[in-house]
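Going by the numbering used here, the letters in the sequence shown line up with residues 3 to 159, in that order.
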Amino acid sequence: MPYLYRGICSLKIYQMCEMDIDKIQRIDRETHLQWPRKYYTKVLTSHNYHAYCAQMNNQCVGSIMFRIKNKELYIDKLVVIKKLQHQGIGGELIEKALRTGKKYTVDVAFLSVSSRNFSAIDFYMKHGFQLECIQWNHYDHQDHGLKMYRNLQTNHE
Numbered sequence: 003m004p005y006l007y008r009g010i011c012s013l014k015i016y017q018m019c020e021m022d023i024d025k026i027q028r029i030d031r032e033t034h035l036q037w038p039r040k041y042y043t044k045v046l047t048s049h050n051y052h053a054y055c056a057q058m059n060n061q062c063v064g065s066i067m068f069r070i071k072n073k074e075l076y077i078d079k080l081v082v083i084k085k086l087q088h089q090g091i092g093g094e095l096i097e098k099a100l101r102t103g104k105k106y107t108v109d110v111a112f113l114s115v116s117s118r119n120f121s122a123i124d125f126y127m128k129h130g131f132q133l134e135c136i137q138w139n140h141y142d143h144q145d146h147g148l149k150m151y152r153n154l155q156t157n158h159e
């Protein structure tokens, strides 16, 4: 549903479809989070996976992909084009995923983030996620991951 975003643009969150894959992969290249096309195809064809895109002024500006299994939601990927980061778009995508999870009676949401990505860690903490554990050598080049969670049974302000 479109709405006035920060008083200047309309932001629309919609369910991702196959036509969006190329758009998301362009954002991937810009943000250096390149995932293979087969991942997106898997997301779009599996009943456990969900994907949403954010659109402003008829341009795809971000996406979120997540899976739901055993009353748990796992955020696999969240990306917003660089020039629009820190504008609230990522937060809208996170909240869309969490609302979807609540419809499936999900108890908790999880994600992993690079221990070097301080901006993302701060972002997730602002959205109610807490550190669960360190995932040693989780990413390439001996980069550690931080597994974070958010309880969905309590309200986050």
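All C-beta atoms, glycine included, are put in the ideal place defined by N, C-alpha and C.
Excluding the 5 residues flanking it on each side, residue 66 has same chain C-beta neighbours closer than 6 Å at 54, 80, 95 and 99, in chain order. Following the DSSP letters along the chain, one finds residue 147 inside the beta strand (DSSP E) bounded by residues 145-153. As computed with DSSP, residue 131 is found in no beta bridge at all. Within 10 angstroms of the beta-carbon of residue 35 lie fewer than 16 other beta-carbons, which makes it exposed.
In the DSSP assignment, residue 75 falls within the beta strand (DSSP E) that extends over 74-82. The segment 102-117 makes no contact with the segment 84-94, as fewer than three CB pairs between them are under 8 Å. Distance check between residue 59 and each of 108, 15, 19 and 46 places 15 closest, using alpha-carbon atoms only.
The Cβ-Cβ distance between residue 146 and residue 121 does not fall below 8 Å. For residue 85 against residue 62, the beta-carbon gap comes to about 13 Å, at or over 8 Å, which does not count as contact.
In the three-state reduction of the DSSP assignment, residue 118 falls in the coil class. In the DSSP assignment, residue 100 is bridged to no other residue. Setting aside the 5 residues that flank it on each side, residue 32 is surrounded in the same chain by 83 and 84, each with a C-beta closer than 8 Å to its C-beta; the list follows chain order. Here DSSP, grouped into helix, strand and coil, assigns residue 90 to coil. Straight through space, the alpha carbons of residue 150 and residue 125 are spaced by roughly 12 Å. For residue 109 against residue 154, the beta-carbon gap comes to about 6 Å, under 8 Å, which counts as contact. Counting along the chain, residue 41 sits inside the alpha helix (DSSP H) bounded by residues 39-47.
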